[in-house]
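Asks: First residue of the sequence shown? That's 150 in my numbering, and the numbers climb one at a time after it. Don't be surprised by glycine CBs; every beta carbon is placed ideally from N, CA and C. Before we start, here is the structure in question, set down as structure tokens.
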Amino acid sequence: MNVLYLVLVTFFAGMGAGLGTGFAGMSAAAVITPVLVTFLDFEPYTAVGIALSSDVLASAISAYTYGKNGNLDIKNVMTSKEAIKSESVQKQIVQSILCGVFIGFICGFVGAGGGMMMLLILTMILGYDLKTAVGTSVFIMAFTALTGAASHFWIDGLPPLAPWLLCIFFTLLWAQIAAKIANKASPILLNRLTGVVLVILGVVVLGFDFFVK
Numbered sequence: 150m151n152v153l154y155l156v157l158v159t160f161f162a163g164m165g166a167g168l169g170t171g172f173a174g175m176s177a178a179a180v181i182t183p184v185l186v187t188f189l190d191f192e193p194y195t196a197v198g199i200a201l202s203s204d205v206l207a208s209a210i211s212a213y214t215y216g217k218n219g220n221l222d223i224k225n226v227m228t229s230k231e232a233i234k235s236e237s238v239q240k241q242i243v244q245s246i247l248c249g250v251f252i253g254f255i256c257g258f259v260g261a262g263g264g265m266m267m268l269l270i271l272t273m274i275l276g277y278d279l280k281t282a283v284g285t286s287v288f289i290m291a292f293t294a295l296t297g298a299a300s301h302f303w304i305d306g307l308p309p310l311a312p313w314l315l316c317i318f319f320t321l322l323w324a325q326i327a328a329k330i331a332n333k334a335s336p337i338l339l340n341r342l343t344g345v346v347l348v349i350l351g352v353v354v355l356g357f358d359f360f361v362k
């Protein structure tokens, strides 16, 4: 495999994944998996494992950056202050378990860290502001991605070292850059940046699908 080609492919895969993680709490699998399958001929299961492992450090460093800026809610990670007052403890527990099981299944089965689903739950259902929702989402995603990656490697073995490490490095790099920008941006600007990232990543994924066909 041409080294320059490998570096370029993993660079753009990591850039898309890192920006999505840092800005919007997205899973690296949304970008890395189709890129590796399409351009490097990886088996989907192996690509998912690489994507999940790339999520771990990227999500962790993003969560640290959001937490340092006061945009991480670990104490009430699956419920808002308003929900605490209005709902019973039993209902909160049931909701947390159901959401966690669903997101965990998606994480392990298709390689998504569950970040976007968690983001929707935190913002639309539990009423978190966007920055706190993203920070809390990537915090949770670091753990779900870790368990998913460990399971994949336990079953399938470790992936090829060079593309694996390159994806982890580039995803981590761009996630850190995006998280720092996001925490300095105003809520309105962050909303717009998140929208732009989601649109671009959606177009990219559709482009990959068209390219394969």
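(1) With a threshold of 6 Å on Cβ separation, who are the neighbours of V184 within its own chain once the five nearest residues in sequence on each side are excluded?
(2) Return the CA-CA distance between L321 and V205, expressed in angstroms with no decimal places.
(3) Alpha helix (DSSP H) containing P183: first to last residue?
(4) Please state whether the Cβ-Cβ distance between T159 and C316 is less than 8 Å.
(5) Taking only the alpha-carbon atoms, compute the straight-line gap between A291 and G171 and give it to the nearest angstrom.
(6) Reducing DSSP to helix, strand and coil, say where S229 ends up.
(7) Where does N151 sit, in a helix, a strand or coil, going by DSSP?
(8) Let me know if S286 comes out buried or exposed under the rule of 16 or more other beta-carbons within 10 Å of its beta-carbon.
(9) I'd like to know whether the C-beta atoms of G167 and F288 end up nearer to each other than 8 Å.
(10) Please list, in chain order, all residues of the same chain as D305 whose beta carbon is under 7 Å from its beta carbon, the five residues on each side excluded.
(11) How would you write the range of the alpha helix (DSSP H) that F302 sits in, first residue to last?
(12) If we ignore side chains and look at the alpha-carbon of each, how far apart do I179 and S300 end up?
Replies: Concretely, from the data shown:
(1) Excluding residues within five positions, the ones whose Cβ falls inside 6 Å are A162.
(2) Inter-residue distance for L321 and V205 is about 9 Å (C-alpha atoms, whole angstroms).
(3) Unbroken alpha helix (DSSP H) run through P183: 178-188.
(4) For the 8 Å CB-CB criterion, T159 and C316 form a contact.
(5) So the alpha carbons of these two residues sit roughly 12 Å apart.
(6) Note on S229: pLDDT 47, under 50, position unreliable in the model; no value is reported.
(7) In this structure, N151 counts as coil in the three-state DSSP scheme.
(8) So S286 counts as buried.
(9) No, Cβ-Cβ distance for G167 and F288 is not below 8 Å.
(10) Listed in chain order, the non-local C-beta contacts of D305 below 7 Å within the same chain comprise Y194, T195, G198, local neighbours out to five positions each way being set aside.
(11) In the DSSP assignment, F302 falls within the unbroken alpha helix (DSSP H) covering 279-305.
(12) Note on residue identity: the sequence assigns Ala, not Ile, to residue 179. Going by the C-alpha atoms only, they are around 19 Å apart.
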